[in-house]
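Under UniProt numbering, the first residue of the sequence shown carries the number 1, and numbering increases by one thereafter. Yeah, the Cβ is synthetic: ideal placement off N, Cα and C, and Gly gets one too. Note that the structure is predicted; figures quoted are calculated from it, not measured.
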Amino acid sequence: MKKKSKSTALFILIIAVIGVLAFAGFKGFVIGGYEFKSFDKVITRGLDLQGGVSVLMEIQQDKVTQEELQSTKEHLSLRVNKLGVAETIVTTEGDKKIRVDVPGLTNSKEIVDSLVKSGNLSFKGPDGTEILTGSDVKKAIAQPNQQEGGYEIALEFNDEGTKKFAEATGKLIGQQISIYLDDEVIQQANVKMQINEGRAQISGGKQTFEECKTTAGLINSGALPLPVKEVSIDNVGAELGTTAFPDSIKAGAIGVGLVFLFMLFHYRIQGLMANIALTLYITLTLFVFVEVGITLTLPGIAAFLLTIGVAVDANILIFERTKEELKKGFTIKSAVKKGQENALSSIVDSNMTTLLAALILYFVGSGSVKGFAITLMIGIIISLFTGLVITKVLVKLAVECGLINKLSHFGVKMNKGDEKHA
1 MKKKSKSTAL FILIIAVIGV LAFAGFKGFV IGGYEFKSFD KVITRGLDLQ GGVSVLMEIQ
61 QDKVTQEELQ STKEHLSLRV NKLGVAETIV TTEGDKKIRV DVPGLTNSKE IVDSLVKSGN
121 LSFKGPDGTE ILTGSDVKKA IAQPNQQEGG YEIALEFNDE GTKKFAEATG KLIGQQISIY
181 LDDEVIQQAN VKMQINEGRA QISGGKQTFE ECKTTAGLIN SGALPLPVKE VSIDNVGAEL
241 GTTAFPDSIK AGAIGVGLVF LFMLFHYRIQ GLMANIALTL YITLTLFVFV EVGITLTLPG
301 IAAFLLTIGV AVDANILIFE RTKEELKKGF TIKSAVKKGQ ENALSSIVDS NMTTLLAALI
361 LYFVGSGSVK GFAITLMIGI IISLFTGLVI TKVLVKLAVE CGLINKLSHF GVKMNKGDEK
421 HA
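Spelled out as structure tokens, the structure:
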């Protein structure tokens, strides 16, 4: 009885936690003046769901290295975000093309003019006086800080830059030098001593390696700007989003509802446990979309709905194996355990195959194909957790607390005298 009470309490607790998470995600709430926003308010929608401009830029140079491509991408990303668009998506395509998606704006001329304009990198003192320009910088790299730990940006100046920087640092000891790209500050540092050798390190703070790498790329792009030209411009009207997004959500809700009904009808109480786990899967996946900052597009919605089918498939494999064991005469506890063990290899193999296909799509594809692949990969990983862990725990607790104690609870036809399996 003690074990049954403990299992019942844990079962109710898990159900309550899943219910609270689902309510918070889909409805949102306000508590203590803080608003927990629902998914529809915080998930970023792509160009095809809210309209905007998609510009494909090409670097006007025969041979472009990966470093130059990434540097130009970061440069363009910073430049277009100065338009006040926080949801801009900048991705590379091929060896020297960069696609810039700007949701919510329709003035393509303003966007293109901003992108093709050469960047103006400058180092300024605390009074705003220009010390040196991007042409004085030889290179900038991100590297580990051997003395203080963490990461730093190492700068190397050319001959002219070395002279200018030595003179400026001699005058500005204890003061701050700021690095600007056009009118935007991308880095600030305090001068500790005069620097004469033409090399400097920007350290301090809690910058990650990726942040230092991005800043170094912007400095390099300012020092060695690569000319770019628009290859194509696509204007996407917002009218599509006003119909496509609600329709896709409606279709998804109907599809999920039918899946829930099928699981209940075919697997009874065990199917109910799968539906609870599936609710958690949908909620967790959308939470990850928000935290990672995934931009939801129509292909992304399609991938998400596809992963719901993948998540259900894992439960079906387990439940069918469990029914097979029950028909062999095993007790409910033994059948549940054996069913989960026997289905494990099939579930892992099928999901790994799908994951591999998603990885290939991500590395080979571009644009919306990459978005589809990322959404698919996230869904597969979370579905493995909910299918192999959450459903397993829920069914086990349901058996222990007596909620599942008949063959009919598994959707297995009963013979007389077989109402219960001990």
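Proximity test, residue i beta-carbon vs the ligand SAM heavy atom, cut-off 7 Å
i: Thr-44; result: Judged by which ligands are present, the structure shown has none, so any question about the ligand SAM falls away.
Spatial neighbours of residue i in its chain, beta-carbon cut-off 8 Å, leaving aside the 5 residues before and after
i: Val-236; result: Leu-47, Asp-48, Gly-51, Gly-52, Val-53, Ser-54
i: Gln-188; result: Gln-176, Ile-177, Ser-178, Ile-179
i: Ser-346; result: Leu-317
i: Glu-130; result: Ser-122, Phe-123, Lys-124
i: Ser-108; result: Val-53, Val-55, Ile-233, Asn-235
Residue interval of the beta strand (DSSP E) (run including residue i)
i: Lys-139; result: 137-144
i: Phe-123; result: 121-124
i: Thr-91; result: 89-93
Cross-strand partners of residue i (DSSP beta bridge)
i: Met-57; result: Ile-98, Glu-230
i: Ile-31; result: Tyr-34
i: Gly-52; result: Pro-103, Val-236
i: Leu-296; result: Arg-45
i: Tyr-151; result: Pro-144
i: Glu-130; result: Lys-124
Chain-order list of residues whose beta-carbon lies under 7 Å from that of residue i (same chain, five-residue window excluded)
i: Gly-19; result: none
i: Ala-166; result: Gln-194, Ile-195, Asn-196
i: Gly-217; result: Gln-70, Ser-71, Glu-74
i: Lys-6; result: none
i: Met-273; result: Thr-391, Leu-394, Val-395, Ala-398
i: Ser-203; result: Asn-145, Glu-148, Glu-152
Own chain, CB closer than 6 Å to residue i, minus 5 neighbours either side, in chain order
i: Ala-200; result: Leu-155
i: Phe-36; result: Ala-24, Gly-28, Phe-29
i: Phe-39; result: Gly-25, Leu-286
i: Asn-120; result: Asp-182
i: Arg-321; result: Gly-339, Asn-342, Ala-343
i: Gly-300; result: Gly-371, Thr-375
i: residue 428; result: Any question about residue 428 goes unanswered here, given that the chain covers just 1 to 422.
i: Thr-91; result: Arg-99
Opening and closing residue of the alpha helix (DSSP H) in which residue i lies
i: Lys-333; result: 332-364
i: Gly-25; result: 2-26
i: Val-389; result: Segment: none, Val-389 is in no alpha helix (DSSP H) and carries neither H nor E.
| task | Note down, one range per segment and in chain order, each alpha helix (DSSP H) of at least 4 residues found wholly within the region 153-237. | result | 159-171, 209-223
| task | State whether the region 152-164 contacts the region 124-143, with contact taken as three or more CB pairs (one from each stretch) at a distance under 8 Å. | result | yes
| Touch check for the region 398-409 and the region 266-283: three-plus C-beta pairs under 8 Å? | yes
| query | Touching or not, the region 391-401 and the region 6-20, by the rule of three or more beta carbon pairs under 8 Å? | reply | yes
| field | Contact the region 277-285 vs the region 344-361: 3+ CB pairs below 8 Å | value | no
| request: Within the region 244-318, note down every full beta strand (DSSP E) run reaching 3 residues or more, in order along the chain. | output: none
| message | I'd like to know if the region 309-317 and the region 343-353 are in contact, where contact means that at least 3 CB-CB pairs between them fall below 8 Å. | response | yes
| query | Quick one: any contact between the region 366-384 and the region 251-264, if contact means 3 or more CB pairs under 8 Å? | reply | no
| Taking one C-beta from the region 92-112 and one from the region 136-150 each time, how about it: are there three or more such pairs within less than 8 Å? | no
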